[in-house]
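Data block below; observations after.
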Amino acid sequence: MKANKTKIWSAAIAVTLTYTGVAYADGHTADVYAPYEGTTLVVNFPAHPHYNAVLEVLPEFTEQTGIEVEVDQLQYLKMRERQTLELTKDEGDYDLISYVVFSKADYVYADQLENLAKYFMNPRLADPNYDASDLIDGYVANIGVAGGEKGYLPGKTGSLFGIPFGSETSVLAYRKDIFEKHGIDVPTNYDQLLEVACQIPELEPGMGGMASRAASGHQASHAFLLHLAPLGGRVFDSEWNPIINSPEGVAAANALKTIVDCGPEGGTTFGPAEAAASFQQGTSAMFMDSIAFAAGFEDPSKSTVVGKVGYALHPEGVRRGSQTGGFGIGIPSNAQNKEAAFLLMQWLTSKEQDLAIAMAGGNPSRFSTYEDAGLNEKYPYSATFGEALKYADPDWRPIIPTWGTINADIGTTMSQVLTEGLDPQEALDGVAERARAVMDEAGYYTWQ
Amino acid sequence: MSIASTNRMTPYLFLAPAGLVLAFALFYPICYMIYASFLDWNPSQRIGEAEFVGLRNYFKLFSDDAFRESMGVTLKFAAVVVTIEMFLGVGLALLLDRNIRGMSVLRTLFILPMMIAPIVVGLMWRYMYHPTVGIFNKTLKSWGFDGIPWLSDGSWAFASVVIADVWQWTPFIFILSLAALQSLPASAIEASRIDGASGWQQILYIKLPLMLPVLIVTLLLRLIDSFKVLEVILVMTNGGPGLSTEILSLRINRTASEFRELGEAAAMSNLLLIVLLILTFTMFIYNKAQDARAARLRAVEEEV
Numbered sequence: 001m002k003a004n005k006t007k008i009w010s011a012a013i014a015v016t017l018t019y020t021g022v023a024y025a026d027g028h029t030a031d032v033y034a035p036y037e038g039t040t041l042v043v044n045f046p047a048h049p050h051y052n053a054v055l056e057v058l059p060e061f062t063e064q065t066g067i068e069v070e071v072d073q074l075q076y077l078k079m080r081e082r083q084t085l086e087l088t089k090d091e092g093d094y095d096l097i098s099y100v101v102f103s104k105a106d107y108v109y110a111d112q113l114e115n116l117a118k119y120f121m122n123p124r125l126a127d128p129n130y131d132a133s134d135l136i137d138g139y140v141a142n143i144g145v146a147g148g149e150k151g152y153l154p155g156k157t158g159s160l161f162g163i164p165f166g167s168e169t170s171v172l173a174y175r176k177d178i179f180e181k182h183g184i185d186v187p188t189n190y191d192q193l194l195e196v197a198c199q200i201p202e203l204e205p206g207m208g209g210m211a212s213r214a215a216s217g218h219q220a221s222h223a224f225l226l227h228l229a230p231l232g233g234r235v236f237d238s239e240w241n242p243i244i245n246s247p248e249g250v251a252a253a254n255a256l257k258t259i260v261d262c263g264p265e266g267g268t269t270f271g272p273a274e275a276a277a278s279f280q281q282g283t284s285a286m287f288m289d290s291i292a293f294a295a296g297f298e299d300p301s302k303s304t305v306v307g308k309v310g311y312a313l314h315p316e317g318v319r320r321g322s323q324t325g326g327f328g329i330g331i332p333s334n335a336q337n338k339e340a341a342f343l344l345m346q347w348l349t350s351k352e353q354d355l356a357i358a359m360a361g362g363n364p365s366r367f368s369t370y371e372d373a374g375l376n377e378k379y380p381y382s383a384t385f386g387e388a389l390k391y392a393d394p395d396w397r398p399i400i401p402t403w404g405t406i407n408a409d410i411g412t413t414m415s416q417v418l419t420e421g422l423d424p425q426e427a428l429d430g431v432a433e434r435a436r437a438v439m440d441e442a443g444y445y446t447w448q
Numbered sequence: 449m450s451i452a453s454t455n456r457m458t459p460y461l462f463l464a465p466a467g468l469v470l471a472f473a474l475f476y477p478i479c480y481m482i483y484a485s486f487l488d489w490n491p492s493q494r495i496g497e498a499e500f501v502g503l504r505n506y507f508k509l510f511s512d513d514a515f516r517e518s519m520g521v522t523l524k525f526a527a528v529v530v531t532i533e534m535f536l537g538v539g540l541a542l543l544l545d546r547n548i549r550g551m552s553v554l555r556t557l558f559i560l561p562m563m564i565a566p567i568v569v570g571l572m573w574r575y576m577y578h579p580t581v582g583i584f585n586k587t588l589k590s591w592g593f594d595g596i597p598w599l600s601d602g603s604w605a606f607a608s609v610v611i612a613d614v615w616q617w618t619p620f621i622f623i624l625s626l627a628a629l630q631s632l633p634a635s636a637i638e639a640s641r642i643d644g645a646s647g648w649q650q651i652l653y654i655k656l657p658l659m660l661p662v663l664i665v666t667l668l669l670r671l672i673d674s675f676k677v678l679e680v681i682l683v684m685t686n687g688g689p690g691l692s693t694e695i696l697s698l699r700i701n702r703t704a705s706e707f708r709e710l711g712e713a714a715a716m717s718n719l720l721l722i723v724l725l726i727l728t729f730t731m732f733i734y735n736k737a738q739d740a741r742a743a744r745l746r747a748v749e750e751e752v
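So this is what it looks like as structure tokens:
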């Protein structure tokens with residue numbers, strides 16, 4: 001019955017890709033993988049450039065280990081709904097899932113992700129050459145670890161629940177040709193950034209300064225938080241009091257408003273795809289968002305700005321702080337083939353495969369990958385991205401179960417600031433007050 | 449058991465299967481939803497693990513500004529959309545209620561918008577409203593006017609979703625009104641013509657009153673539907689800018705999937721259901737009152 005149901009269910013999924021490979025392990029790793037030969041792992045991945053690159057290297061895994069992998073690929077916001085249903089079952093269908101960073105809080109809190117300690121302790125499973133210290137710190141802190149500082153960050157009480165895979169940070173992409181033409185320097189701090197953003201429309205009529213996300217809801221909130229961390233602000237202080245309405249918060253809101261006002265036409269409805277498209281089509285001179293978009297700018301079939309794009313670090317405010325986000329992979333507590341899933345997870349995030357995936361267009365999770373000469377030759381911006389990752393801020397937004405509600409509130413209120421002229425201080429005071437009520441109800445002030 | 453009592457039972461026996469289907473297909477989900485609205489229920493929990501919180505979800509909704517605003521937007525949207533659609537739909541029907549060559553082709557063309565999937569309608573309009581490459585702003589600019597912030601300004605965004613909905617659903621009212629018009633008794637219309645009624649008088653005193661029962665049902669159907677629009681607005685604006693186009697069904701969707709508050713979402717759905725029930729009952733009562741009045745008038749006439 002169950003198998004039957006699974007079949008029907010997977011048939012209904014639009015993009016289900018099955019990889020079947022040769023069921024012979026190669027000599028080198030036979031002992032490790034032999035017990036699991038012939039196992040079929042079901043994994044849930046998002047439709048995302050990184051995971052499209054992963055699909056290119058996956059057949060290699062089956063060839064090496066004899067473990068088959070069935071991939072269920074979904075749009076990344078849909079993935080969350082499906083996983084929520086799957087993870088509450090007694091026996092789940094997924095052996096390995098990719099999760100969006102803000103799902104970490106919910107899954108760990110509901111005890112739905114395996115603590116990875118027991119696998120890394122198991123000498124039969126853990127690869128001694130894995131070199132975990134090479135994994136990018138900011139990503140591991142943001143996506144992998146929970147239970148330490150503030151509950152969602154690393155710390156003395158924290159432990160590992162996932163490994164970053166398809167993670168992202170923010171960089172500033174700019175039009176080299178336009179900057180050179182007008183003798184503009186690449187902005188390194190926020191004052192310069194805002195000045196250049198508003199200078200461009202005057203120098204280049206019809207071109208916006210910087211394309212940014214700004215659509216009501218999650219996008220506007222994301223854009224605001226992108227500026228909040230470098231400008232020195234936080235959403236909560238260490239005792240969960242909302243401090244989003246601090247002067248730093250107001251400065252971030254004003255920065256966003258300046259950027260959108262001087263940005264391309266219709267910018268207030270932009271999501272990340274529209275903002276990237278505006279930059280690709282040459283209607284804006286700068287774009288500051290995830291590194292995942294870079295490959296698209298260099299793709300001649302989509303982009304009119306190939307070869308004209310320069311990349312720089314996310315400008316500094318009172319501190320450096322680029323975003324951390326994207327995806328991690330973890331093993332559901334109700335998975336049926338946990339050990340084999342761990343082997344796949346370890347294989348995918350190993351040095352060799354991280355590089356192979358990066359060469360196919362994915363986002364590296366390791367410092368060593370960014371330093372690789374071959375990768376830098378193929379994607380010249382890799383060195384800048386590696387540098388940006390040193391400043392990746394794992395705490396640029398809180399990852400707590402109540403975040404969904406607060407995030408939506410920040411997003412709609414910011415949208416009102418951008419489109420209806422609501423005063424930023426007043427707007428953020430409102431957000432802080434409502435956030436306090438939400439946090440209070442969720443019990444964050446129990447100990448005060 | 450006597451034969452008489454068995455006979456009395458027979459109708460119920462025949463009704464039982466339908467009753468069972470009704471109980472499972474209708475009452476069970478509704479009761480489930482009502483029960484869920486009393487829970488603090490997170491999608492990561494099973495319903496049995498959720499905490500019972502009584503009426504807390506409802507109290508929370510009434511003190512929630514965003515919910516009240518969204519309710520306001522929904523009422524405004526429904527009222528505006530249905531009014532415009534009724535005028536246009538009935539107007540078109542009156543204009544086209546005649547023998548034109550190729551009428552059946554025209555009629556099919558008119559109802560095309562209704563047949564398009566809502567997601568596609570949303571996408572189509574979103575691209576047409578696009579600030580730089582959309583057809584509206586391109587045309588305006590080529591005529592030398594400034595572009596209009598179709599989806600990026602609160603009031604324009606509301607107008608934009610209204611326009612899209614009117615475009616899609618006016619045909620619904622149009623075909624129903626046309627059907628009603630064509631089934632009107634020719635004798636009444638002929639009699640009025642012989643009595644010398646002008647075209648306007650015919651419409652006002654003969655056609656519209658005779659069409660009224662159909663129009664009321666049409667209105668009701670559209671009204672109920674307009675309270676539940678989701679996909680078109682979801683695709684076009686996702687409720688923005690701010691909360692200017694966040695109608696209730698969109699808020700319910702977000703509450704369940706984004707805020708992960710299934711109990712609150714259920715409470716909202718219940719409130720929406722109650723609003724719709726009140727509307728429907730008002731309509732029915734109005735209808736009944738009208739019928740009763742007509743019957744009384746007829747009785748009086750007959751006595752005379």
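If you read the sequences in order, they're chains A and B.
448 is the number that this note's numbering gives the last residue of the first sequence; the numbers go up by one with no jumps.
752 is the number that this note's numbering gives the last residue of the second sequence; the numbers go up by one with no jumps.
Ideal Cβ positions, reconstructed from N, Cα and C, are used throughout, including at glycine.
Item                                                                                                                : Value
Residue-level contact to chain A via CB, Phe732/B, 8 Å cutoff                                                       : no
Other residues of its chain near Asn376/A: CB distance less than 6 Å, five sequence neighbours each side excluded   : Ser382, Ala383
The region 308-328 of chain A contacting the region 160-170 of chain A, beta-carbon criterion three pairs below 8 Å : yes
Unbroken alpha helix (DSSP H) run spanning Thr728/B, endpoints                                                      : 710-751
Partner residues on chain B for Asp261/A, Cβ-Cβ distance less than 8 Å                                              : Those within 8 Å of Asp261/A in chain B number zero; the least Cβ separation is about 12 Å.
Spatial distance of Arg670/B from Ala292/A (CA atoms)                                                               : 44 Å
Close Cβ partners of Arg124/A (< 8 Å) along its chain, the five nearest in sequence each way excluded               : Val32
C-beta contact flag for Ala47/A and Gln73/A at 8 Å                                                                  : yes
Selected residue, minimal CA-CA separation from Leu85/A, among Gln493/B, Val614/B, Trp598/B                         : Gln493/B
Proximity test, Cβ basis, 8 Å: Thr796/B and chain A                                                                 : This structure leaves residue 796/B out entirely; chain B is present only between 449 and 752.
Sequence-distant residues of its chain with Cβ nearer than 8 Å to Gln448/A (five each side left out)                : Glu239
Within-8 Å CB hit, Asp106/A to chain B                                                                              : yes
8 Å Cβ cutoff, Asp594/B in contact with chain A                                                                     : no
Ala437/A versus Asp409/A, Pro128/A, Glu180/A, residue with shortest Cα-Cα distance                                  : Asp409/A
Which of helix, strand or coil DSSP assigns to Asn254/A                                                             : helix
Neighbour flag for Gly502/B against chain A, beta carbons, 8 Å                                                      : no
Residue-level contact to chain A via CB, Arg708/B, 8 Å cutoff                                                       : yes
DSSP bridge partner residues for Thr324/A (one or two, in chain order)                                              : Thr169/A
Gly595/B to Thr269/A span [Cα, whole Å]                                                                             : 15 Å
Alpha-carbon to alpha-carbon, Thr39/A and Tyr24/A                                                                   : Confidence at Tyr24/A is low in this model, with a pLDDT of 39, below 50, so the placement of that residue should be treated as unreliable; the coordinate-derived value is given next. Cα-Cα distance, rounded: 12 Å.
Assigned secondary structure, Phe270/A (DSSP; H/G/I helix, E/B strand, else coil)                                   : coil
Backbone CA spacing between Asp185/A and Asp261/A [nearest angstrom]                                                : 21 Å
Identified DSSP bridge partners for Ser159/A                                                                        : Ala146/A
Chain B within 8 Å of Thr446/A, Cβ atoms only                                                                       : no
Proximal residues of chain A, C-beta to C-beta of Ser600/B below 7 Å                                                : Gly266, Thr268, Thr269, Thr419
Identified DSSP bridge partners for Phe287/A                                                                        : Ala173/A, Ala211/A
Contacting residues, own chain, Cβ-Cβ under 6 Å from Trp598/B (five flanking each side not counted)                 : Tyr577, Trp604, Ser608
Three-state secondary structure (DSSP) of Tyr577/B                                                                  : coil
Own chain, CB closer than 8 Å to Ser600/B, minus 5 neighbours either side, in chain order                           : Pro579, Pro689
Residue environment, Gly328/A, which counts as buried when at least 16 other CB atoms sit within 10 Å               : buried
Contacting residues, own chain, Cβ-Cβ under 8 Å from Ile672/B (five flanking each side not counted)                 : Leu724, Leu727, Thr728
Length of the line joining the Cα atoms of Glu114/A and Ile97/A                                                     : 11 Å
Rounded C-alpha distance that separates Ser552/B from Leu663/B                                                      : 22 Å
Distance, Ala211/A Cα to Phe279/A Cα                                                                                : 7 Å
Counted within 10 angstroms of its Cβ, other Cβ atoms place Trp617/B as buried (16 or more) or exposed              : buried
Closer than 8 Å to chain B by CB, Ser216/A                                                                          : yes
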